[in-house]
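Q: Chains as they are written, first to last, in our numbering: chain U, 2 to 216; chain C, 48 to 354.
Each residue gets a CB set at the ideal place from its N, CA and C atoms; glycine is no exception.
For reference, the structure I am asking about is given below.
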Ligand code: SF4
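Structure follows, in structure tokens:
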């Protein structure tokens, strides 16, 4: 079971700065169970966003958002509403956010922090990984995770060893920061990478924080 | 002047700066450092000591810097984020400043996988950009990373590294900009063998006016053998050794190769001197430090400014 918690509303509003139309995606799996991105929460989020002057072009609830095939099938039905939006706001764990950013060529904002994947993070077959860091950074990276996919967990761009799109540590591993660069460039959002991302708060992470309090 | 750094003084005076790198020993023998520092004395404005380069256990950079300082040269402590979290980094920053060291070079660090303890747990609590900002805030805002005040601030001249030959190429300029905005005073680059590509990178730096906001020292290094050139070309991540360099080394008799390697290094320095926005060179003759005086003299960079 993946445990996620909604990010503070002000933080989410900050992500939507300069954007007026947004499409919401939730998940009927773990996120519904943990009340961070089920139907009830999505409808409530829609209301709050509209109240704050945003246009919500629509929303979709996927049964298991971490399943790429399932998510692709579902989101196909919403193509028009997704196209209308400036960006997509996803309410589930980090793996689900990454699935959406893989599927849709638009800026994807994380609406939740993933507190724990309950030991299940090795089950995914795709490249999308979540390391339950407790403070999702996918906002800065176009939806590709530098915590789980960069060998040095860097937050401010590729290290000096990135070459030919590969990680310095292993030529078999893509350098995720190169992929992030290409994606943000494609979306015209390179300014995300120019911003200095401050040191991360590891105290909220199951990996580096206290071991039991999240359960 | 932000600090008492000799390097800062040389650069602020508009001089073309010369720094060199020392590799510390895999032992507790201080004589190794003394020998190398003695060789450099008088020929460089400051010297770096690497911090567990390629993730091999060696004498700590700050300790070796202190030994080298006995010879009157200004040390640059290298500090990587691989082995220390924000607590340890800030403690070391306070410590080196208290010991009278004036310069620090903030690095992410080579991954532990490359070293002689690949089983180690990498730290990477913060990255190099964040470390630069931490040092800058400690010095200029008198604040720790958590916001708490510091009563006596560490006055350090802040350095950062950049690799113009790594990918994605276009981002390398933006990354430098980020480091400047974080607080870098000077930059030491990866070793330049591909001067054309370096010129292209510098062109982009000038387009953004970044050369006016930071002092850029271009990295150079003499090559000892054809084998070493080939190794660097194929095995070291982020290194660009053009074929012409290898051909030029192959073109001389075997016993002449080291001499030719030094000549190539001097030629490259002479080309770098002509590039607008390059404020100096950083000579990385690791385990071949004795060549530095010869290189500095041949490149017309001797004597060094005295204050
Ligand atoms: S090469 Fe890329 S993925 Fe590998 S450590 Fe450097 S930035 Fe991270």
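I'd like to check one pair, residue 255 of chain C with residue 194 of chain U: are the Cβ atoms closer than 8 Å?
A: no
Q: Can you tell me whether residue 34 of chain U is helix, strand or coil according to DSSP?
A: helix
Q: What residues come near the ligand SF4, if near means a beta carbon less than 6 Å from any of its heavy atoms?
A: With the cut-off at 6 Å, the residues found are U:151, U:152, U:153, U:155, U:159, U:160, U:162, U:163, U:168, U:169, U:170, U:176, U:177 and U:178.
Q: DSSP three-state label for residue 49 of chain C, please.
A: coil
Q: At least one CB of chain C closer than 8 Å to the CB of residue 1 of chain U: is that the case?
A: Residue 1 of chain U cannot be examined here, being either before or after the span of chain U that is shown, 2 to 216.
Q: Could you tell me which residues DSSP pairs with residue 59 of chain U in its beta bridges?
A: Answer is U:24.
Q: When you compare the CB of residue 170 of chain U with every CB in chain C, is at least one pair closer than 8 Å?
A: Judged by the 8 Å Cβ criterion, residue 170 of chain U is in contact with chain C.
Q: Fully enclosed by the region 265–296 of chain C, which alpha helix (DSSP H) runs are 4 residues long or longer?
A: 273–282
Q: Between residue 137 of chain C and chain U, is there a C-beta pair that is closer than 8 Å?
A: no
Q: Identify the contact partners of residue 155 of chain U in chain C, using a Cβ-Cβ distance below 8 Å as the criterion.
A: 155, 171 and 174
Q: For residue 88 of chain U and residue 226 of chain C, I'd like the C-alpha separation in whole angstroms.
A: 29 Å
Q: Output needed for residue 163 of chain U: all residues of its chain with C-beta closer than 7 Å, excluding positions within five of it in sequence on either side, in chain order.
A: 169, 176, 178 and 179
Q: Is any beta-carbon of chain U found at less than 8 Å from that of residue 133 of chain C?
A: yes
Q: Can you check whether the C-beta of residue 228 of chain C is within less than 8 Å of a C-beta belonging to chain U?
A: yes
Q: Need the endpoints of the beta strand (DSSP E) that residue 235 of chain C sits in, please.
A: 233–238
Q: Does the CB of residue 177 of chain C have a neighbour CB from chain U at under 8 Å?
A: yes
Q: Cβ of residue 173 of chain U less than 8 Å from any chain C Cβ?
A: no
Q: Please list the terminal residues of the continuous alpha helix (DSSP H) segment that includes residue 122 of chain C.
A: Residue 122 of chain C -> not in any alpha helix (DSSP H); beta strand (DSSP E) instead, spanning 121–127.
Q: Between the Cα of residue 183 of chain U and those of C:165, C:233, C:234 and C:217, spot the shortest distance and give me the residue it belongs to.
A: C:217
Q: How big is the Cα-Cα spacing for residue 55 of chain U and residue 49 of chain U?
A: Going from the Cα of residue 55 of chain U to the Cα of residue 49 of chain U covers about 9 Å.
Q: Return the residue from the list C:306, C:324 and C:322 that minimises the CA-CA distance to residue 339 of chain C.
A: C:306
Q: In chain order, what are the residue ranges of uninterrupted alpha helix (DSSP H) at least 4 long that sit wholly in the region 102–160 of chain C?
A: Here the runs fully enclosed are 108–116 and 133–145.
Q: Out of C:73, C:74, C:96 and C:63, state which residue places its alpha-carbon closest to the alpha-carbon of residue 84 of chain C.
A: C:96
Q: Is the CB of residue 215 of chain U under 8 Å away from at least one CB in chain C?
A: Any reading at residue 215 of chain U needs caution, since the residue's pLDDT is 44, under 50, leaving its predicted position unreliable; the model's value is listed next. By this cut-off, residue 215 of chain U is not an interface position.
Q: Starting from residue 152 of chain U, find everything on chain C with Cβ-Cβ shorter than 9 Å and list it in chain order.
A: 158, 160, 169 and 171
Q: I need the DSSP call for residue 95 of chain C, collapsed to helix, strand or coil.
A: Residue state, collapsed to three classes: strand.
Q: By the 10 Å Cβ neighbour count, where 16 or more other Cβ atoms means buried, how is residue 298 of chain C classified, buried or exposed?
A: exposed
Q: So, helix, strand or coil for residue 328 of chain C, using DSSP?
A: Residue state, collapsed to three classes: strand.
Q: Just checking: is the beta-carbon of residue 76 of chain C within a distance shorter than 8 Å of some beta-carbon in chain U?
A: no
Q: Residue range of the alpha helix (DSSP H) that residue 312 of chain C falls in?
A: DSSP places residue 312 of chain C inside the alpha helix (DSSP H), whose first and last residues are 304–320.
Q: Identify every run of the alpha helix (DSSP H) within the region 149–194 of chain U, keeping only runs that are complete inside it and at least 4 residues long; order them along the chain.
A: As far as the region 149–194 of chain U is concerned, its whole alpha helix (DSSP H) runs of at least 4 residues are 177–187.
Q: Over what stretch of residues does the beta strand (DSSP E) that includes residue 7 of chain U continue unbroken?
A: 4–7
Q: Any beta-carbon of chain U closer than 8 Å to the one on residue 285 of chain C?
A: yes
Q: In chain U, which residues lie less than 7 Å from residue 72 of chain C when you measure between Cβ atoms?
A: Result: empty, since nearest Cβ-Cβ is about 25 Å, beyond 7 Å.
Q: Reducing DSSP to helix, strand and coil, say where residue 196 of chain C ends up.
A: strand
Q: Tell me whether residue 133 of chain U sits in a helix, a strand or coil according to DSSP, three-state version.
A: coil
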